[in-house]
Structure formats: C-alpha cells, structure tokens
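Here UniProt numbering is used: the first residue of the sequence shown is 1, the next is one more, and so on.
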Amino acid sequence: MSKFNIGELVKINDYHSMAGLVGIVTACYKENHTYLVRFSRDLELLLKEEAITIEKR
C-alpha cells in the first residue's frame, strides 16, 4: 500500500534541496517507492517516499 495517494497535497522535507515546495501527487510507483509530484504546470519531480510529507492546510 502507498504511503501517499494520488491527489494528496504534499510538501518536500527540509533536507531536500527544494525544501518547502508544496505540490500534488500525480502518480505512485510502488516498485521503487517513488511519487511523481506536480508543483506547477512547468515543474514535476519524481521523489522518494522519505522526501515528502502530507501538507496540512
């Protein structure tokens, strides 16, 4: 089971070089525990499970 679901709002953790960015999970890859996160129409990152947390608004 995935730690995050598609459509969830997530934030990049402090130890990452792009810390603080908030985006939406658009895809989950269970085989390597990574998530495709969209931050804007021009920026998407493939991030490891440990690099993101759920953003509470």
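All residues carry an ideal CB built from backbone N, CA and C; glycine is no exception.
- Secondary structure at residue 44: strand, using DSSP grouped into helix, strand and coil.
- The C-beta separation of residue 37 from residue 44 comes to about 7 angstroms, placing the pair in contact by the 8 angstroms criterion.
- By the Cβ neighbour-count rule, residue 47 is buried, with 16 or more other Cβ atoms within 10 Å of its own.
- When DSSP states are grouped into helix, strand and coil, residue 27 belongs to the strand group.
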